[in-house]
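Here the sequence shown stands for residues 518 to 580, numbered as in our numbering.
Built from N, CA and C at the ideal position, the CB exists for glycine as well.
Computed from a predicted model, the values in this text were never measured in an experiment.
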Amino acid sequence: MTTPSDPPPEFVAEALQRVHEGIQEKLATMPPEEGRKWLERLLARFMGNPVIIETPKPGDDGE
518 MTTPSDPPPE
528 FVAEALQRVH
538 EGIQEKLATM
548 PPEEGRKWLE
558 RLLARFMGNP
568 VIIETPKPGD
578 DGE
C-alpha cells in the first residue's frame, strides 16, 4: 500500500541506479582490500551499526 508521500517507483529505481553507479566508480579507484574496507564502513553507517569496523585514516570521510 502506498501513501501520498511515497515517491514514485521510477524515482526510487533511478536513485538506486545512481547510488550503485557512484559506488562502482568509487571502488574502481581503490585497491581491492581498501575498497572492501570502505564498502564495509559505508554499509555499517547505512545500517546504523554503531560498531566501528576500522578506524578511518585522517582525511578519509568515507565518500
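Would you mind stating whether residue i and residue j have Cβ atoms separated by less than 9 Å?
i: residue 533; j: residue 544; result: no
Residue i to residue j, Cα distance in whole Å?
i: residue 552; j: residue 527; result: 29 Å
i: residue 490; j: residue 529; result: Absent from the structure is residue 490, since the part of the chain shown begins at 518 and ends at 580.
i: residue 565; j: residue 558; result: 11 Å
i: residue 549; j: residue 541; result: 12 Å
i: residue 531; j: residue 538; result: 11 Å
i: residue 562; j: residue 547; result: 20 Å
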